[in-house]
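For the sequence shown, counting from 1, position 7 maps to 839 in this note's numbering; every step adds exactly one.
Note that the Cβ used here is the ideal one computed from N, Cα and C, for glycine as well.
All remarks here apply to the structure that follows.
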Amino acid sequence: MRRRVIIALLALIAQNVVFAQKANDDRVIMKINGKPVMRSEFEYSYNKNNSEGVIDKKTVEEYVDLFINYKLKVEAALDAKLDTMKSFNDEFTTYRDQQIVPSFATDEAMLAEAQKVYDNTKQAIGPKGLIMPAHILLRLKQNASKEEENAARTRIDSIYQALLGGADFAEMAKKFSQDPGTAQQGGQLPWIGPGQTVKEFEDAAYALQKGEMSKPVQSAFGFHILLMKDRKQLEPFEELKGDIMKFLEERNAREQVAERAIDDMVAKSNGKLTRAQILQQRSDEMSAKDTDLKYLIREYHDGLLLYEISNRTVWDKAAKDDAALAAYFKNHKKKYAWDEPRYKGMAYHVKDKKDVKAVKKSVKGLAFDKWADRLRTTFNNDSVIRIRVEKGIFKKGDNALIDKMVFKKDTTVAETKGYPIDAVYGKLLKKGPEEFEDVRALVTADYQEELEKIWVEELRRRYPVEVYKDVLSTVNKH
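The following block contains the structure:
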């Protein structure tokens, strides 16, 4: 017997040694600006972004450059001290705390909370226990007249007499009860305890034993006849523990328990620890034990920095720099040539023939992106809507009126109700867009891509990168 115990202990020790070796087998896979990046971090990122269901999967070698570029941008954000911004720290700590706070609600604490819920419930129920009644209800308005009350009383008495004569309670409830929540269930109510219904109903119900039926009872809702289906005392805690724990989880009680535990730790430290310090300490402890959590938190941290630096350097910069967009469009105009003509203008519908010319006159010589405001303020600025307009850059098939009047297609134009006169105004662009605004979204995307490329090249020059090919070859193979 002793020998078997020793062998088992040795096996357990050996298993722990192997586990420790695996945990410590992590190696530096690259350095970015002299900072080591561990293989485990690269694997976490690679596996997460190349999981089942990802359309554009990358090989490890293909993913290396994407990962390096990501790290370089984060390094630039750190150099720009974006991690010191209050907005960044507020958002990051909010996310981190979502991962960390639940850990303060231990299983023991949740079990204690469940016991507390049980004890409170048992005390509220008291010796009266739980009941499961069925009822037939005839509703009566609170301001009902004496005649209405007498009519309802007569009717409930006749139902009661029928029940005394052997009528089936469930069938009578389905036929006559005016409680929509229970009528089709034969008047059946769920288990209820003291204080869960009006006093008149509760008093009458608790006076019944299992199988007994009450005389008609009047409450604020109307007249009831009650049938006691079952009675019981609350089950022992062990029988209800699972249901109570599920109830607590569904109502986010774990977070509440955790927050109380954190508050207790702050109070017991006598001013030596703040909530932020406690959460940071717990984050460090959990990250040291769980690499997936460690890299999940780092991923969010770096992702926020990446978004901010990319927005400043590429996305927002490109989207708002009209002069740069115009210059880019001018230098790459052939790239945006169309395979068929477009009509840049509007199809519009008016009530009065005079407005056909008035519309054209109002926007003539005005920049295309200003048309909508001018038309709205000139023709539709009050409760009377004088025109209906579809404005844009149209190709064949986009708009029936433009197809007919501009592209000369034989097509039927549906009448715009209340606006019988149709017209178009604009110009036909045969070769392609005349200004970057005509294809702004495409130009912006292409210009952002160019800025991104230039930026990454500059980052590659600024920050040294070392990749250890021997370690790279072991990704997901160790």
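| query | result |
| --- | --- |
| In the DSSP assignment, what residue or residues form a beta bridge with Tyr1175? | Phe1226, Leu1260 |
| Quick one: what's got a C-beta closer than 8 Å to Asn1212's C-beta in the same chain, skipping five residues either side? | Arg1218, Ile1219 |
| Among Asp1153, Pro1252, Leu1304, which residue has its Cα nearest to the Cα of Val1275? | Asp1153 |
| Which residues in the same chain as Ser872 place their Cβ atom closer than 6 Å to its Cβ, once the five residues preceding and following it in sequence are excluded? | Asp858, Thr1123 |
| Could you tell me which of Ser883, Gly1229, Gly885 sits nearest to Asp1242, measuring between CA atoms? | Gly1229 |
| Mind checking whether the beta-carbon of Lys1166 lies closer than 7 Å to any heavy atom of the ligand FAD? | With respect to the ligand FAD, the structure shown offers nothing to examine, as it has no ligands at all. |
| Which whole runs of the alpha helix (DSSP H) in the segment 1075-1122 are 4 residues long or more, in chain order? | 1085-1100, 1107-1121 |
| May I have the straight-line CA-CA distance separating Lys1309 from Met917, to the nearest angstrom? | 40 Å |
| Grab me the residues of Asp1184's own chain with a C-beta within less than 8 Å of its C-beta, minus the 5 sequence neighbours each way, in chain order. | Arg1218, Ile1253 |
| Measure the C-alpha to C-alpha separation of Lys1042 and Ala1099 and round it to an integer number of angstroms. | 52 Å |
| Looking only at its chain, what residues have a beta carbon closer than 7 Å to the beta carbon of Glu1298, apart from the 5 residues adjacent to it on each side? | Met862, Lys863 |
| Please state whether DSSP places His1133 in a helix, a strand or coil. | helix |
| For Ala976, which option in Ala941, Val933, Ser1051, Arg1206 has the closest C-alpha, if you only look at C-alpha atoms? | Ser1051 |
| Counting C-beta neighbours from all protein chains within 10 Å, is the total for Ser1009 16 or more, i.e. buried, or is it exposed? | buried |
| Which of the three DSSP states is assigned to Met1060 in this structure? | strand |
| I think Gln1318 touches Thr1014, with their Cβ atoms under 8 Å apart; what is that distance to the nearest whole Å? | Any property of residue 1318 remains undetermined from this structure, which presents the chain solely from 833 to 1310. |
| Residue range of the beta strand (DSSP E) that Val1275 falls in? | Run containing Val1275: none in the beta strand (DSSP E); it sits in the alpha helix (DSSP H), 1272-1294. |
| Can you name the residues that DSSP bridges to Tyr1180? | Val1221, Ala1255 |
| With a threshold of 7 Å on Cβ separation, who are the neighbours of Ala855 within its own chain once the five nearest residues in sequence on each side are excluded? | At Ala855 the pLDDT is 48, less than 50, meaning the model places this residue with poor confidence; the figure from the coordinates comes in the next sentence. Cβ within range, chain order: n/a, list empty. |
| Less than 8 Å between the CB atoms is what I'm expecting for Ile1141 and Ala912, so what's the real figure, rounded? | 7 Å |
| Closest to Val906 by CA distance: which of Ala1273, Tyr1257, Arg1130 is it? | Arg1130 |
| Would you be able to state if there are at least three C-beta pairs under 8 Å between the segment 1078-1098 and the segment 936-943? | yes |
| From the DSSP output, read off the bridge partner residues of Ile968. | Ile1057 |
| Return the first residue and the last residue of the beta strand (DSSP E) that Val869 is part of. | 867-870 |
| So the beta strand (DSSP E) Glu1298 belongs to, where does it begin and stop? | 1297-1299 |
| DSSP three-state label for His1310, please. | coil |
| Measuring alpha carbon to alpha carbon, tell me which of Tyr895, Trp1203, Met870 ends up nearest Tyr878. | Tyr895 |
| Can you look up Val1191 in the DSSP assignment and give me helix, strand or coil? | helix |
| Excluding the five sequence neighbours on either side, which residues of its own chain have a C-beta within less than 7 Å of the C-beta of Tyr1300, listed in chain order? | Val860, Ile861, Met862 |
| Could you please give me the residues that DSSP links to Lys890 through a beta bridge? | For Lys890, which the question treats as bridged, DSSP gives no partner whatsoever. |
| Using only CA atoms, which one of Leu1207, Trp1170, Ala1159, Gln1065 lies nearest to Ile957? | Gln1065 |
| In terms of residues, what are the limits of the beta strand (DSSP E) holding Met862? | 860-864 |
| Which residue comes first and which comes last in the beta strand (DSSP E) that contains Gln930? | Per DSSP, Gln930 belongs to no beta strand (DSSP E); it is in the alpha helix (DSSP H), 918-932. |
| Report buried or exposed for Ile1057, applying the criterion of at least 16 other Cβ atoms within 10 angstroms of its Cβ. | buried |
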